[in-house]
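First comes the structure, then the notes that go with it.
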Amino acid sequence: MKWDRLKYFHIVSQTLNLKKASDIMNISHSSLSRQISVLENEMKMKLFFRNSKGLSLSPEGKNLFKKVNDIYSRIENIKDIKSSSEPVGKLRVASTNAFGALWITPRIKKFISMYPHIQIALNLRDSEPKVLHYSSDIEVRMTESTSQDDIQTKISEFQYKIYASKEYIKEFGFPKTISELDDHKIIAYGETAQPPLNRNRLNWLLNIGREKNNTREPILEISNIHGIVEATQNSIGISSLPSWMESFINLEEILSELKGPKVNISLCYKFDLKNDPRLKVFKKFMIDEIKN
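In my numbering, the protein residues as written are 1 to 292.
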């Protein structure tokens, strides 16, 4: 029996969804399904029940998951925990593209100067998997992990606000009420956007102050937050952006009394790494920086 198959089983057992698990493991859906079938044949037992909602663990599957989870945790512990009390070695950090590139990356130099024996490997991605990715030591997340094996600690929260460029305001005026949004050009998040909120909540500018079936029509839809920032800075329209971006964008906040949806920023890592010196100093660094 190959350990890889047990590793696949471990991820599928946490997500209970082959598509999500295949995305996390970066293999095809069919390959993952085949590996699970081979494992079931080798074990001579049914590990999952298939249903319309996805998968559920059989009694035998639950028993195997407990054992594999224990083995997996011990291996990760041996591999990642350093015997020294000093923070030394590679730290694999994952984050979304926007937050990782704009907020974390400018602070890496300061972190390295404080902890020169830690090598940061920063993995940026468009969306967050449902559970902690196997290739990450710690993730800066804006959604909750669904795994009970993950520790998730909230370090801050931010709010979506409304922004426009000075040029746009000069040309089209400054909206003073919710109803005046009807007369303005709104840049919305596109259908394939993968932000930390569902698209309806994220596009609150289209819905606020309007009947459910009478939403505002956007002037432009973009599926990437960098694109929305560029479009807003180029005076195409107004948009809703996360408040953590304020120091990076040349835009004016408008209708500040309107409060958009809130999103938490948290640090997520495996239980077995909670005492890892690298994680401890990175966690403290992130909390200190975000307070400043």
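For every residue, glycine included, the Cβ atom is placed at its ideal position computed from N, Cα and C.
Computed from a predicted model, the values in this text were never measured in an experiment.
Cross-strand partners of residue i (DSSP beta bridge)
i, result
"tyrosine 189", "Ile222"
"arginine 34", "The partner list for arginine 34 (beta bridge, DSSP) is empty, contrary to what the question assumes."
"serine 240", "Ile162"
"arginine 141", "Ser266"
Range covered by the alpha helix (DSSP H) that runs through residue i
i, result
"leucine 124", "Taken as a continuous stretch (DSSP letters only), leucine 124 belongs to no alpha helix (DSSP H), being part of the beta strand (DSSP E) at 118-125."
"proline 129", "Run containing proline 129: none; DSSP gives neither H nor E here."
"asparagine 198", "Run containing asparagine 198: none; DSSP gives neither H nor E here."
"alanine 21", "18-25"
"isoleucine 4", "Note that residue 4 corresponds to aspartate in the displayed sequence, not to isoleucine. Looking at the DSSP string, the run of the alpha helix (DSSP H) that includes aspartate 4 is 3-15."
"tryptophan 204", "204-207"
"aspartate 288", "277-291"
"serine 107", "According to the sequence as given, residue 107 is arginine; it is not serine. From DSSP, the alpha helix (DSSP H) with arginine 107 extends over 105-114."
Expected contact under 8 angstroms - CB spacing of residue i and residue j to nearest Å
i, j, result
"asparagine 69", "aspartate 149", "7 angstroms"
"lysine 161", "glycine 237", "Wrong, their Cβ atoms sit about 15 angstroms apart, outside the cutoff."
"leucine 55", "leucine 16", "5 angstroms"
"phenylalanine 158", "valine 263", "6 angstroms"
"serine 73", "glutamate 167", "Not really, about 55 angstroms apart at Cβ, beyond 8 angstroms."
"leucine 181", "leucine 205", "7 angstroms"
"leucine 102", "phenylalanine 248", "5 angstroms"
"arginine 5", "leucine 39", "4 angstroms"
"serine 37", "serine 28", "Their Cβ separation, rounded to whole angstroms, is 14 angstroms, which puts serine 37 and serine 28 out of contact at 8 angstroms."
"isoleucine 178", "leucine 258", "7 angstroms"
Residue i: first and last residue of the uninterrupted beta strand (DSSP E) it sits in
i, result
"valine 93", "89-96"
"aspartate 150", "150-164"
"phenylalanine 49", "48-51"
"leucine 55", "54-57"
"glutamate 252", "252-254"
Beta-carbon gap between residue i and residue j smaller than 8 angstroms
i, j, result
"leucine 279", "isoleucine 138", "yes"
"arginine 216", "isoleucine 186", "yes"
"glycine 190", "isoleucine 151", "no"
"threonine 297", "arginine 125", "Residue 297 cannot be examined here, being either before or after the span of the chain that is shown, 1 to 292."
"isoleucine 254", "tyrosine 163", "yes"
"serine 13", "phenylalanine 65", "yes"
"serine 243", "isoleucine 228", "no"
"isoleucine 155", "methionine 286", "yes"
"isoleucine 118", "leucine 91", "yes"
"methionine 25", "leucine 32", "yes"
"valine 93", "asparagine 123", "yes"
"threonine 192", "leucine 267", "no"
"proline 129", "lysine 20", "yes"
"asparagine 250", "glutamine 233", "yes"
"proline 314", "glutamate 86", "Outside the modelled stretch of the chain, which goes from 1 to 292, sits residue 314, for which no answer is possible."
Residue i at chain D interface by Cβ criterion, 8 angstroms
i, result
"cysteine 268", "The chain labelled as chain D is not found in the depicted structure, where only one protein chain is given."
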